[in-house]
Structures are given as C-alpha cells and as structure tokens.
Amino acid sequence: MLGVILILVCQFNAHYQDFLESGRSEELFIGLTQGRYEIAEFAGDPIVLWFWRNAAKDPQADSLLARASMRRNFHLSAVLRWEARDSGDYDVAMNKLHLASHFDTSAIENYVSFIALAVKERRVDPLIAALSLPVFSDLRGQLFLIANAIVLIFLAMFMCTLVYVIAKTVYYLPLFSHRIDPQGHGKLKGVVGLAIMILPVLVFRNLFPILVSYGALLMFVLSTRERNWLRVLFVLLILGYVFSLPLHNLVNFLTKNSRIHQLYEMVYYDNDVTIEAENDTEKILSAYALKQKGELDKAMSLYEEMYYKGHREIAVVNNLANIYMLYGEEARAETLYHYVMRAADRGEPFFNMGLLKLKNLEYSESSRYMAEARRKGLSSPSNVPLDIMPSIREYYEILLSERIDIFNSVNPLFFFTFALMFALTFLPFRFSSPYYCGACGRAICQKCKEENDGETMCKDCFTRLKSTENVEMEAILKHSVNKRRHRMRSVIAYVINIIVPGSGLIYTNRNLVGLLIVYVVMLAYTPLLMSEFFVKPAGWVSLPMTPIFVAVAVIVAGFAYIYTFLSLRGYHGN
87 MLGVILILVC QFNAHYQDFL ESGRSEELFI GLTQGRYEIA EFAGDPIVLW
137 FWRNAAKDPQ ADSLLARASM RRNFHLSAVL RWEARDSGDY DVAMNKLHLA
187 SHFDTSAIEN YVSFIALAVK ERRVDPLIAA LSLPVFSDLR GQLFLIANAI
237 VLIFLAMFMC TLVYVIAKTV YYLPLFSHRI DPQGHGKLKG VVGLAIMILP
287 VLVFRNLFPI LVSYGALLMF VLSTRERNWL RVLFVLLILG YVFSLPLHNL
337 VNFLTKNSRI HQLYEMVYYD NDVTIEAEND TEKILSAYAL KQKGELDKAM
387 SLYEEMYYKG HREIAVVNNL ANIYMLYGEE ARAETLYHYV MRAADRGEPF
437 FNMGLLKLKN LEYSESSRYM AEARRKGLSS PSNVPLDIMP SIREYYEILL
487 SERIDIFNSV NPLFFFTFAL MFALTFLPFR FSSPYYCGAC GRAICQKCKE
537 ENDGETMCKD CFTRLKSTEN VEMEAILKHS VNKRRHRMRS VIAYVINIIV
587 PGSGLIYTNR NLVGLLIVYV VMLAYTPLLM SEFFVKPAGW VSLPMTPIFV
637 AVAVIVAGFA YIYTFLSLRG YHGN
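Using the numbering used here, the first residue of the sequence shown is number 87, and each one after it goes up by one.
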C-alpha cells in the first residue's frame, strides 16, 4: 500500500517534486515541528499543506486542504480514497472521501465509493454526498458507464440465451436421451443418452461451447414458436456484438492507451502532460490547457491561429479575449466579448466584460454586466476573467473519428458462431419424435410400444391397465399416472427456477415472461458472477463495490422469486 501511495503522490505535479527536492521542504518541516510556523499560515498553498499532511498526519492540514483552491488532481484524490478504504472507521472514511471529492469532484471512483459506504454502513449521508457530485458530466465518467453498460448488456443477453437453451434442453431431455442412446430397447434405455447429454458440461467447463453444443441440438427438436424465440435471442446477440465494436477505443481511453486521454488529462487535470497538436480540435484543447498552466504566449498563439482560420466557437473567442485582457489589450478584448455575448446565452462573457469595465473604473457599466451574468446563472468571487472549458462534444468527435479495430474488440468468433446458429434455426430437418407413453409420458422405442384403444403406451403402463377389467378403475389408473407425470414436471420447473428465477417459466413454455425475468436477473447477477469482464480505468482506487452488487442482486432476486413461484403455482394449479 505504501508503495502505491508514494507512486501516486509523486505524480502530484512537477512543482511538488521540486518542493520536495528543495531545501525549503526541510526548513518548513523543522519550523512547523518546532512551532516557529503555524500550518494555517500556508492555507493558500496546497503543496505545503499536502507535504505537512503526509509528514505529520495533521488533521488541520486536511481541513485547510478542503478549502484550498486548485485544479482537479486525480492522484491526490486516489490517495485519499485508498486511505478511506483502509480506515475501517465510518467517520474517518467519510472525511477522506469528502476531501478526495474536493480534489477531483468529477471522479467516478468518488461516486462509487460513497455509494459503497452507504450500502455497507446502511446510512443515507454517503448517498446524499454521492448524488451531489457532477460525475455524469465528466467525459471519463461517461465513457466508464458506456463501456461497462455495453459489457453488462451483452453478458446479460448471453446468459439469458444460455438459460433459455438449458431450460429447453431439460424439457427435451427424454427425447434427446432416447435418440442419442445407441443401445436397444430395455429398462436402461436412455441412460447412456443422458450421460452423453451431460458430456458438454463435464468436458468444456466453459459457457460458450456449452451454449453452442446444446443450442445446436435444440435446432432439431424445438417447435416453431420455440425456434422463433431462439432466433430473437441470437439476433440480439449479433446486434450486441455490432454495438460493442467501439468498445476497444473506449477501453484504450480508460486505460490511458490513447492520444485522446492525454488531451483529456491536459485540459481537466493538474499535471505536466504535453502533446503536439495534430489538428484544429487538438489545438483548441491544447490552447486551453496551456492557458491553465500559465503559458499565455503559447495559448494566445494557438487561439489566434484558430480564430483567424474561422473558428468562432464561444470557448475560442472568450478565452482569447481573456488573454488580451490580461495583456492589457482592452479594446480587442471588448470586441471579442461583445461577439460572444451576441452568439451565446452564457454568463461568462458578461462577467468578464464586467471585470473589464471595473478595471477601467466604469462602475455603472460594470454593475450592469455583472447583474446580467447573475441573471444567466453565473456568480463568482473571482477577480480574473473566467475561461470557458472545451465541451465534451469535441472529445466525442475525436473518439468517434478513430478507426474501429474489429479484431481487437469483442472476439469475432462470437459473431460468426451466433450468425451460424441463427442460420441453423431455419433448417427443415428435425429429429423424428420417439414413441411416448400416453400414460406416463416416457420416451420408448418401437419394440417397447403397445397399443391400447389407439393410444401408444409403454409395456409397464399397458400391463398395469390391462390387469383390471374395470373401466372406471382403468380411468383412475390413467389419471394417477398422468398426475404423477404432471407432478414430476412441476418439481423440475420449481428446481430449475430455484437455480435461476424465471427459468421455470421458460420450462413451462411461458417464454416471453420467463425471458424478461431472466434478463433482469442476469443484469443483477452478472457483475458478481463475471466481474473480470468489466472495464476498470487505469489508476482505479475505490471502496469495494461488492456490497453494491450484492444488495442489487438480493433485491432483484427477491422480487423475481416471489413473482415466478406465484406464477408457477398458479400455472400448475390450473
């Protein structure tokens, strides 16, 4: 843990590393330790506050850091989440997470950590804190949710298809075991076939080949209605594969393996990342990042290049005007502010114009522009002009323009296999049905069948019925055998429904309701059962998400079990 924290802290920024290597850090440490300085004297210096916090574990440094103004810092926020995860105390964890949110308000990890803490401790305060964070307006948070939503939807659909195939395989198991069994008629007829049917589970121990094996067999026994549902599932899996093709680009961004992530870090975080801009969009983003770092000459050069090339986006014009104002070129700044005020209904240009008028001692005009800025929802204590950040839309334009690497996305084998399985559902060939006993429903071979008043029966049922000459007794025996068969199917439906809520409804041929319930259940189960398939961004540090997944799974399963067992009870009652 200590090694990871040191790595994260060392990435604070270059200024912090320079401070550690300078003699000033040792001087301040000695002075603060001996009481010659008070840490409150450095309330406006986050670097000194963070240094003293790590050196002395002084809680006052945390409270001062919570009020310090600084750009987003992913690394310091990660350190605090790590400390919150290992604290073991609710109040300490809450304080750490609040400070982590102060350093990086939009980090999705802070949002998740607050919710995990709320579920674990069964308290509302962390949930309220989580809902107050603007994580859904952040590009990284959005791509994290989009990528994992794609994974979740695809995996849940795959599991739903698997459950459908398994439920139907269980239903048609007598037919399969009878047709696959190579031995002749006899009391053990079907046992070998049943053993052969279990082989895919024992041999593959992988869900995909199990789905393919049993799905291929079902093609030859399903009714037309059941085939249609299987076709729908395969089509949805194929569509899921198509929509998952951009997943590789999203994963590259989240794992910091793409150029666009470097641009994102430059703009949004306090770091020293630099990149050579290759197109106009990248130049606009780089200009904003350079201005935040104080490199005004480079930023102005890029903004002017974009402006004279015809880029009149409000962020370009407003931010260029701010640089002109800082350099004392008020006339040029005022012209650009007027353009932005006409082009966009935002408060920043009015606020900046108010500062410009205040600088020129035009108090009434300054008050008028400031009032207009407040009317548009902007109020700030800043005494420097406000920049307009680049919109997320520009990042999406770059992201969507990147080439999609089909072979590095989801394995194409899935697509071709599902397409082939879909095509097989249209084959006209079907297994010829074995003879079924009209009394007990057991599959029998031709040599074992007997006829009784035009009805096919097995030898056991035929002998039992013919042993009585009483018609009423024969009817009672038939009813008893049918009731036993019905009871057996009810038991099977209940058993498989216990394993996966909704599968019992599929077994009883209530496919639509059963599939909907199974899909919802799989949406809740998949994060627990298949967590290794989900995407975690680089540098991910948060409180464990298992309590969240368990709580969701328990709630969904509870409602699913209640509904499905009541439905099965009503179905079998009828």
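The beta carbon of each residue, even a glycine, is placed where N, CA and C say it ideally should be.
Give every residue of the same chain whose Cβ lies closer than 7 Å to the Cβ of residue i, excluding the five residues on either side of it in the sequence, and list them in chain order.
i: PRO332; result: ILE490
i: ASP224; result: SER192
i: GLU169; result: LYS182
i: PHE436; result: MET427, TYR455, GLU458, ALA459 and LYS462
i: LEU336; result: LEU229, ILE232 and ALA233
i: TYR593; result: ALA253, VAL256, TYR257, ILE578, ALA579 and ILE582
i: GLY588; result: GLY600, ILE603, VAL604, VAL607, ALA646 and THR650
i: ASP431; result: LYS462
Could you give the DSSP three-state label for residue i: helix, strand or coil?
i: LYS443; result: helix
i: LYS395; result: coil
i: ALA186; result: helix
i: ILE648; result: helix
i: SER173; result: helix
i: LEU308; result: coil
i: PRO145; result: helix
i: LEU615; result: helix
i: THR549; result: helix
i: VAL403; result: helix
i: ILE582; result: helix
i: THR421; result: helix
i: ALA193; result: coil
i: PRO467; result: coil
i: PRO476; result: coil
i: PRO630; result: coil
i: ARG489; result: coil
i: ILE324; result: helix
i: ASN159; result: coil
i: GLU381; result: coil
i: GLY656; result: helix
i: VAL359; result: coil
i: GLU434; result: helix
For residue i, which residues from the same chain have a beta carbon less than 8 Å from its beta carbon, with the 5 sequence-adjacent residues on both sides left out?
i: SER163; result: ALA186, SER187, PHE189, ASP190, ALA193, GLU195 and ASN196
i: MET392; result: ASP366, LYS369, ILE370, ALA373 and VAL402
i: LEU88; result: Confidence in LEU88 is poor, its pLDDT being 38 and thus under 50, which makes the residue's placement unreliable; the coordinate value appears in the next sentence. Excluding positions up to five away in sequence, the list is empty.
i: SER653; result: LEU591, ARG596 and VAL599
i: LEU614; result: THR632, PHE635, VAL636 and ALA639
i: GLU416; result: TYR410, LEU442, LYS445 and ASN446
Could you tell me if residue i is buried or exposed, where buried requires 16 or more neighbouring beta carbons within 10 angstroms of its beta carbon?
i: ASN583; result: buried
i: PRO476; result: buried
i: LYS395; result: exposed
i: HIS572; result: exposed
i: ALA457; result: exposed
i: TYR250; result: buried
i: GLU362; result: exposed
i: MET574; result: exposed
i: ASN469; result: exposed
i: GLU312; result: buried
i: PRO498; result: exposed
i: ILE641; result: exposed
i: ARG208; result: exposed
i: TYR413; result: exposed
Apart from the five residues on each side of it in sequence, which residues of its chain come closer than 6 Å, Cβ to Cβ, to residue i?
i: ILE478; result: LEU225
i: SER452; result: GLY440, LYS443 and LEU444
i: VAL205; result: PRO633, ILE634 and ALA637
i: MET180; result: none
i: ALA215; result: PHE200
Assuming residue i is part of the alpha helix (DSSP H), what are its boundary residues?
i: GLU368; result: 366-378
i: THR255; result: 225-257
i: TYR350; result: 345-354
i: PHE500; result: 498-510
i: LEU217; result: 211-217
i: GLU458; result: 449-461
i: PHE620; result: Note, PHE620: premise wrong, no alpha helix (DSSP H); not H, not E.
i: TYR123; result: Looking at the DSSP string, TYR123 is not in any alpha helix (DSSP H), and its letter there is neither H nor E.
i: PHE339; result: 333-340
i: ILE592; result: 589-593
Assess, as a yes-or-no matter, whether the region 234-244 is touched by the region 615-623 under the definition of 3 or more beta carbon pairs within less than 8 Å. yes
Can you find at least 3 beta carbon pairs, one from the region 467-484 and one from the region 345-356, that sit closer than 8 Å? yes
Within the chosen definition, does the region 206-220 reach the region 324-338 through at least 3 CB pairs nearer than 8 Å? no
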